[in-house]
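Protein chains: 2
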Amino acid sequence: MKLFVNDFYLTAAEVNAQEEMPLSRLVTLIIDTATGHANLLGFGYAHMMESNTSWVLSRLSIDIIRMPGVNQSYRLLTWVESVNRIYSERLFELKDTETGETVAWAHTVWMAIDMDSRRPTDLTCHKALVDVINDRPFGGVKGGKLQPVHDGAEGYDYRFKVSDIDVNRHVTTRRYIDLITDLWPLEKYMADRVTRFEIAFKHEARYGQESLTLMEPTAAVEGAYDAEIRVGDTSCALARISFSHRDMSGE
Amino acid sequence: MKLFVNDFYLTAAEVNAQEEMPLSRLVTLIIDTATGHANLLGFGYAHMMESNTSWVLSRLSIDIIRMPGVNQSYRLLTWVESVNRIYSERLFELKDTETGETVAWAHTVWMAIDMDSRRPTDLTCHKALVDVINDRPFGGVKGGKLQPVHDGAEGYDYRFKVSDIDVNRHVTTRRYIDLITDLWPLEKYMADRVTRFEIAFKHEARYGQESLTLMEPTAAVEGAYDAEIRVGDTSCALARISFSHRDMSGE
């Protein structure tokens, strides 16, 4: 099965003040859908553990044409684009089920790290993974290199709490994304919409650590901001987020 | 359909550091399941809006025999126990699908408030609701009256952010429950488990408001604490949470 499909319906309980899917929900759905495909094909977390390795999401970028809205059905499609000795690229297309229209594209980069050395392991030895490589066309833009923010970037601090911690005792991806989302006030999201989001996961944060989430306008890119989550001097995540004014007439 | 069934499987991505379902996830699942039953029977939010009323969850209590664990299937059953002029009681039983064992019971109290006056409306005029009253046995304990905490209660403050806001521009139920969960450190949850949780929703909080979440041991009840979420002088929620030591041998 070289193309995996995840159908879902977005209820009122799942949407934000803009009646749209929150960015953190879209990212966790992308991760869950990748996991579902990997499990089905026999190279999920359980299989990787047999060789003392674990999947780690390294980078993710999403191009959002239209964020999924309330009370509508969507279809998220995913496939493996490439596999090499260090990483595997997995792509996603999100479609409005009713109209068939593509509403988002996503690109992800995964590594299988050795649980002891924490080093990437050779992915080309996983035949089931190599066998499903699919050259389906991709309409998004792959992630580029992200930079730490500079001195003088604005932000806020937050200490990680019980509700932020996952089964591996690390801070959840959801909390990382929400920390970045929360850099802007509600008014910003009423006036503007997110058109692109890119993140590189650098280091896992833990319970009780004090984080600093920072942002600054991206030099020479209109409407874009660089963001960073830090714990002390350690960079836990680098991100870039792009906004466009909402079209009040059309949306 | 006097009994509504919601089957689910708990994945690793959904569980906390104890490899169990987070309390906030259990509460939102209970609300979503109630909504699913009401929609199916024609007295969901959309139907209530036709008479300018909206369902409001007023109180909830959960008795937890064993919190759902990772990589297992569960079945949540719900039914309407009573309907009167002011409120309706809806009950829940949560079962381990494999063993058939009951792992939790929940009791909820709902009102349909008029959107203009914010007063409760007469529920006995909703025939479809009255028609599904079910006297199925309930093994939990219904909620009692909850008290505000006293001067000297311990806690922390938190300003509500974009990621905490729902489609009605109110703070989400998930954030309320997580605020209470986060009153205790991770070590508390490793040593103890939650056996009972009760909450009364008193007032809706909004974006940007500064909250104070407080707790104190419940007088004369071993292992229980009273908790309260306040915005200024307004009490937004009152809760009581009971812990027992985990049985290290048996669990």
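Chains as they are written, first to last, in this note's numbering: chain A, 4 to 254; chain B, 4 to 254.
Glycine included, every Cβ here is placed at the ideal spot set by N, Cα and C.
Bridge-paired residues (DSSP) for residue i
i	result
A:HIS173	A:ARG209
B:TYR12	B:SER76
A:PRO123	A:ILE116
B:LEU189	DSSP, once it has assigned bridges, lists no residue as partnering B:LEU189.
B:MET218	B:GLU157 and B:ALA230
B:ILE244	B:PHE200 and B:TYR228
A:SER57	A:ILE116
B:PRO98	Residue identity check: residue 98 of chain B is Lys in the sequence provided, not Pro. B:LYS98 is bridged to B:ARG78 and B:THR105.
B:LEU63	B:THR111 and B:ILE202
Length of the line joining the Cα atoms of residue i and residue j
i	j	result
B:VAL176	B:THR31	This sequence places Thr at residue 176 of chain B; Val is not what is there. When rounded, the distance between both Cα atoms is 7 Å.
A:ALA29	A:LEU79	Note that residue 29 of chain A is Leu in the sequence shown, not Ala. Cα-Cα distance, rounded: 10 Å.
A:LEU126	A:MET193	43 Å
A:ARG249	A:GLU157	24 Å
B:THR237	A:GLN21	27 Å
A:GLU17	B:ASP167	11 Å
A:THR100	A:PHE141	18 Å
B:ARG121	A:ILE244	39 Å
B:ASP181	B:LYS191	15 Å
A:GLU254	B:HIS50	Low local confidence applies: a pLDDT of 43 at A:GLU254 is under 50, so the model's placement there is unreliable, and no value is given.
A:ILE256	A:ARG199	Since the first residue of chain A shown is 4 and the last is 254, residue 256 of chain A is not available in this structure.
A:ASP119	B:TYR77	34 Å
B:VAL165	A:TYR161	15 Å
A:MET4	A:LEU44	8 Å
A:HIS206	A:CYS239	4 Å
A:VAL224	A:SER61	24 Å
A:ASP154	A:LEU186	17 Å
A:PHE95	A:ALA37	9 Å
B:CYS128	A:PHE246	48 Å
B:GLU53	A:GLN75	21 Å
A:THR102	A:SER214	42 Å
B:ILE183	A:LYS130	47 Å
A:PHE46	A:ASN55	13 Å
B:VAL234	B:ALA41	32 Å
Cβ-Cβ distance between residue i and residue j below 8 Å
i	j	result
B:THR111	B:ILE232	no
B:SER85	B:ILE136	yes
B:PHE163	B:ARG88	no
A:ARG259	A:VAL106	Residue 259 of chain A lies beyond the range of chain A shown here (4 to 254); nothing can be said about it.
B:LEU241	B:PRO151	yes
B:VAL170	A:VAL73	yes
B:ALA227	B:LEU217	no
A:LEU132	A:PRO71	no
A:LEU63	A:VAL197	no
B:ALA15	A:TYR48	yes
A:GLU92	A:LYS98	no
Selection from the options that minimises the alpha carbon distance to residue i
i	options	result
B:GLY146	B:TRP108, B:ARG122 and B:MET118	B:TRP108
B:ALA222	B:ARG172, B:PHE46, B:LEU149 and B:ASP10	B:LEU149
B:VAL8	B:ASP35, B:GLN21 and B:ALA15	B:ASP35
A:PHE204	A:TRP113, A:ALA194 and A:TYR228	A:TRP113
A:GLN212	A:HIS173, A:TYR77, A:LEU186 and A:VAL59	A:HIS173
A:LEU6	A:TRP82, A:TYR12, A:CYS239 and A:ASN55	A:TRP82
A:ILE202	A:VAL59, A:GLY47, A:ASP10 and A:ILE65	A:ILE65
B:VAL59	B:TYR90, B:ASP10 and B:ASN42	B:TYR90
A:GLY39	A:GLU53, A:THR56, A:ASP10 and A:LEU215	A:ASP10
Closer than 8 Å to chain A by CB, residue i
i	result
B:SER166	yes
B:PRO151	no
B:VAL234	no
B:GLU157	no
B:VAL18	yes
B:ARG172	yes
B:THR255	With chain B running from 4 to 254 in the structure shown, residue 255 of chain B is simply not present.
B:ASP256	In the structure as shown, chain B begins at 4 and stops at 254. Residue 256 of chain B is therefore absent and cannot be evaluated.
Proximity test, Cβ basis, 8 Å: residue i and chain B
i	result
A:LEU189	yes
A:TYR12	no
A:ALA242	no
A:TYR228	no
A:GLU213	no
A:ARG196	no
A:SER245	no
A:ALA37	no
A:VAL86	no
A:VAL135	no
A:GLU22	yes
A:PRO25	yes
A:ASP138	no
A:VAL73	yes
A:GLU254	Because the pLDDT at A:GLU254 is just 43, under 50, the model does not fix this residue reliably, and the point stays unresolved.
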